[in-house]
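Residue 243 in our numbering is what sits at position 197 of the sequence shown, and the numbering runs on without skipping anything.
Beta carbons are placed, not taken as given, at the ideal position from N, Cα and C, and that holds for glycine.
Because the structure is a prediction, the values reported are computed rather than measured.
Reading through the structure tokens given below for one structure.
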Amino acid sequence: MALKVGRGAAAPPFIVMDVIAAANAAQAALPPGAAHVIRMEVGQPGTGAPAGAVAAVQAALGGGAAMGYTEALGRASLRARIARHSQEWYGIDIAPARVAVTMGASGAFPLAFLAAFNPGDRIAMAAPFYPPYVNILTALGMQPVLLPSGPATRFQPSIAMLEALDPLPDGLIVASPCNPAGTMLHPDELAAIAIWCDRHGVRLISDEIYHGLNYDVPLSSAAAFSKSAVVINSFSKYFSMTGWRIGWMVLPEDLLRPVECLAQNLFISAPHIAQIAAEAAFGCTTELQANVARYRRSRDLLLAALPAAGFPTPSPAEGAFYLYADVSARTNDSEDFCRRMLAEAGVAASPGVDFDRERGRGFIRFSYCGPEADMAEAAARLARWR
Ligand SMILES: Cc1ncc(COP(=O)(O)O)c(C=O)c1O
Numbered sequence: 047m048a049l050k051v052g053r054g055a056a057a058p059p060f061i062v063m064d065v066i067a068a069a070n071a072a073q074a075a076l077p078p079g080a081a082h083v084i085r086m087e088v089g090q091p092g093t094g095a096p097a098g099a100v101a102a103v104q105a106a107l108g109g110g111a112a113m114g115y116t117e118a119l120g121r122a123s124l125r126a127r128i129a130r131h132s133q134e135w136y137g138i139d140i141a142p143a144r145v146a147v148t149m150g151a152s153g154a155f156p157l158a159f160l161a162a163f164n165p166g167d168r169i170a171m172a173a174p175f176y177p178p179y180v181n182i183l184t185a186l187g188m189q190p191v192l193l194p195s196g197p198a199t200r201f202q203p204s205i206a207m208l209e210a211l212d213p214l215p216d217g218l219i220v221a222s223p224c225n226p227a228g229t230m231l232h233p234d235e236l237a238a239i240a241i242w243c244d245r246h247g248v249r250l251i252s253d254e255i256y257h258g259l260n261y262d263v264p265l266s267s268a269a270a271f272s273k274s275a276v277v278i279n280s281f282s283k284y285f286s287m288t289g290w291r292i293g294w295m296v297l298p299e300d301l302l303r304p305v306e307c308l309a310q311n312l313f314i315s316a317p318h319i320a321q322i323a324a325e326a327a328f329g330c331t332t333e334l335q336a337n338v339a340r341y342r343r344s345r346d347l348l349l350a351a352l353p354a355a356g357f358p359t360p361s362p363a364e365g366a367f368y369l370y371a372d373v374s375a376r377t378n379d380s381e382d383f384c385r386r387m388l389a390e391a392g393v394a395a396s397p398g399v400d401f402d403r404e405r406g407r408g409f410i411r412f413s414y415c416g417p418e419a420d421m422a423e424a425a426a427r428l429a430r431w432r
């Protein structure tokens, strides 16, 4: 007899993860001595955790510390250090009690969505979008509302798009810098959206995971403009600690206890050892800024080379480490295009359909956080591959 399966079983794949598997297979199948596959599909720094974070972990383990559960919202010293970070980066005072340490930004999403929304609630976001937003909301019975956006708003949402919705949504997710376009909401735009959301009873979720990786435009945090916004951040990107699975939220007062209770039940706590590493990572600015300088050089090189190779980038690529290239003149099937590019040019990138199911057929996303020499080699290979 067929057993019942739940709504969550219908969650579509996060296609980038499938492309990573295909690139691994392509690399494994290469004959000895063949040129390696250039990995531009994955949004993961090639560098490991900064040295100071690793040293702190070694010291903690060498000292025989028992790595037990921590409090559900994290170690007090890490929460205080994150609050200080908000002061240092944005000049805002955040009480450490408002900080929740999570298992990456990914661990923060279900906590934030369950605390803030009910099944059936409508949550808006720009399309293209980071796929798990839609897939997690859908698995939780919530309804994503897509705001098609393009170069006119730098692939970001606008108040005009929100006002055109009837009824207004229950929530809005923004990401700045965003994935896949790498564009930002400039400080005045983020402020206006945060204030509009607050006034209209729309819960703002601001994904600030790419903060620190901004090249032209200054950073601002939604927490500076709104007391009702949920801010999500992570040690995965700027801090180069993807596999440590550690992130945080800055919460509004009304969601603090609900998130604490949810976290106690869903996760108990984020990994203790990763919390020690994360706290030490705040002291590694020189090493981390060297990474940012490298990303900037790769971005500049690719922005100059890719359009001539047939990959125009219609948005300014102000942050993160992504370029969203318009390949609609060459294909209307970005998945097939990426497969051929991997097989024929040895360059892996992610198809736009992961981020925008319809319009993404004409886009692909390049990630440029890999080794600098690889980025130059990718530009050369793609110029030859027409
Ligand atoms: C926009 C965005 N948010 C969240 C995440 C998840 O990051 P984490 O490793 O902190 O779970 C990613 C990962 O690529 C991302 O691009």
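Straight-line gap, residue i to residue j (C-alpha atoms, nearest Å)
i: Glu121; j: Gln321; result: The sequence shown places Arg at residue 121, not Glu. Rounded to whole angstroms, Arg121 to Gln321 spans 7 Å at the Cα level.
i: His257; j: Leu302; result: 23 Å
i: Ile140; j: Gly392; result: 47 Å
i: Thr116; j: Gln310; result: 10 Å
i: Val374; j: Arg430; result: Residue identity differs from the one stated: residue 374 is Ser in this sequence, not Val. About 19 Å.
i: Val147; j: Trp294; result: 4 Å
i: Ser396; j: Tyr414; result: 12 Å
i: Ala71; j: Ala238; result: 46 Å
i: Ala424; j: Gly398; result: 19 Å
i: Arg127; j: Ala355; result: 45 Å
i: Gln9; j: Gly166; result: Nothing can be reported for residue 9: it is not among the residues displayed for the chain, which extend from 47 to 432.
i: Pro226; j: Met86; result: 12 Å
i: Val83; j: Gly365; result: 25 Å
i: Leu124; j: Ser132; result: 13 Å
i: Thr229; j: Pro223; result: 5 Å
i: Arg130; j: Pro142; result: 8 Å
i: Glu134; j: Gly92; result: 27 Å
i: Arg376; j: Arg432; result: 9 Å
i: Ser267; j: Leu49; result: 46 Å
i: Gly54; j: Thr184; result: 8 Å
i: Ser204; j: Met47; result: 50 Å
i: Leu160; j: Arg427; result: 46 Å
i: Leu388; j: Ala240; result: 41 Å
Local conformation of residue i per DSSP, three classes
i: Asp379; result: coil
i: Pro298; result: coil
i: Asn279; result: strand
i: Thr359; result: coil
i: Ala102; result: helix
i: Leu347; result: helix
i: Gly293; result: strand
i: Ser152; result: helix
i: Ser413; result: strand
i: Trp135; result: helix
i: Ala178; result: The sequence shown places Pro at residue 178, not Ala. Three-state DSSP puts Pro178 in a helix.
i: Ser315; result: coil
i: Arg432; result: coil
i: Phe163; result: coil
i: Val51; result: coil
i: Pro91; result: coil
i: Leu119; result: coil
i: Thr284; result: The sequence shown places Tyr at residue 284, rather than the Thr named in the question. Coil at Tyr284, not helix or strand.
i: Gly108; result: helix
i: Leu352; result: coil
i: Met113; result: coil
i: Leu142; result: The sequence given here has Pro at residue 142, not Leu. The answer is helix: DSSP assigns Pro142 an H, G or I state.
i: Ala80; result: coil
One or two residues paired with residue i in a DSSP bridge
i: Gln189; result: Arg168
i: Arg85; result: Ala394
i: Ala173; result: Pro194
i: Asp253; result: Ala221 and Ile278
i: Asn260; result: Gly365
Span of the beta strand (DSSP E) around residue i
i: Thr148; result: Val145 to Thr148
N- and C-terminal bounds of the alpha helix (DSSP H) containing residue i
i: His318; result: His318 to Ala327
i: Ala69; result: Ile61 to Ala74
Minimum Cβ-Cβ distance from residue i to chain D less than 9 Å
i: Lys50; result: The chain inventory of the structure shown lacks chain D, comprising one protein chain alone.
(request) Write down every uninterrupted run of the alpha helix (DSSP H) in the stretch 192 to 248 whose length is 4 residues or greater and which is fully enclosed by it, in chain order. (result) 205 to 209 and 233 to 245
(message) Quick check on the DSSP output: what are the complete alpha helix (DSSP H) runs of length 4 or more inside the stretch 361 to 411, in order along the chain?
(response) 380 to 391
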